[in-house]
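Student: Heads up: the sequence shown at position 167 corresponds to 167 in full-length UniProt numbering, and the numbers run straight through without jumps. Idealized CB from N, CA, C, for every residue including glycine. Mind looking over this structure? Questions follow.
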Amino acid sequence: IIYERRVATFANWPKSLKQKPTDLAAAGFYYLGIGDQTLCFYCGGGLKDWVEEDDPWEQHALWFPQCNYLLLKKTPAFVKDVQEKHKSDLSSSKQNETEVVASSSSSHNSKESPSAVVEERERNNAEESSTLCKICYKNELAVVFLPCGHMVACVDCASGLKECAICRKEIQANVRAFLS
């Protein structure tokens with residue numbers, strides 16, 4: 001489920017809760033419409049009984065550390081830190097409702113000719129578009145699909161794909177990549 005659709009599920013989210021629908025949806029959750037029950041669209045992990053100090057990303061990392069969406073959006077170090085911070089919480093199953101079924105303007109010299117400025121601008125636009133997600137054209141490329149090796153999607157779009165958008169091979173794994 002894409003982010004916008006996840007946000008839309010929170011139309012009747014209890015107003016008394018501190019967690020914002022946009023934050024919950026960004027962390028992968030959608031609202032079930034019952035109490036404060038949420039599910040991760042990717043791993044199927046469910047959380048409920050949200051309390052004021054609960055952070056959606058931390059709760060996701062605490063209870064479902066193997067979720068591939070979580071691991072694409074956050075670093076393994078983040079997940080490890082959350083696990084260490086909440087070691088005693090892990091022994092209880094306070095919120096474990098369902099099982100995991102997982103699985104960037106350049107300055108121009110005023111002496112440049114107008115055509116040189118246009119050429120440079122076109123080159124910059126081409127470079128910028130080459131690093132944009134080929135699905136949403138909003139976010140930066142960030143995921144390599146395996147086994148084909150294509151890099152055409154941002155984290156948000158990659159999480160919803162089952163096959164490569166270029167070659168249509170089944171995606172067996174996603175690897176987070178950082179462009180420099």
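1. Are V152 and A177 touching if we call contact CB-CB under 8 Å?
2. Under 8 Å, do I1 and Y30 count as touching if we go by C-beta distance?
3. Helix or strand or just coil, what does DSSP make of A27?
4. By the 10 Å Cβ neighbour count, where 16 or more other Cβ atoms means buried, how is A142 classified, buried or exposed?
5. Here's the rule: buried if 16 or more other CB atoms are within 10 angstroms of the residue's CB, otherwise exposed. What is L179?
6. Please state whether the Cβ-Cβ distance between V155 and L72 is less than 8 Å.
7. Determine, using beta-carbon pairs with one atom in the region 18-30 and one in the region 49-58, whether at least three such pairs fall under 8 Å.
8. Could you say which of D36, K18, S16 lies nearest to T9 if we only look at CA atoms?
9. Should Y137 be labelled buried (16 or more other beta-carbon atoms within 10 Å of its own) or exposed?
10. Starting from V82, trace the beta strand (DSSP E) both ways and give me its first and last residue.
11. Sort D49, S130, K162, K85 by Cα distance to L62 and report the nearest one.
12. Measuring only the C-alpha atoms, how far is N96 from G160?
Tutor: Let me lay it out:
1. no
2. yes
3. coil
4. So A142 counts as buried.
5. exposed
6. Yes.
7. yes
8. Put simply, of D36, K18, S16 the residue whose alpha carbon is nearest the alpha carbon of T9 is D36.
9. The residue is exposed, with fewer than 16 neighbouring Cβ atoms inside 10 Å.
10. For V82, no beta strand (DSSP E) encloses it; the enclosing alpha helix (DSSP H) starts and ends at 76-85.
11. K85
12. Note on N96: pLDDT 42, under 50, position unreliable in the model; the coordinate value appears next. Looking at the two C-alpha atoms, the distance is approximately 24 Å.
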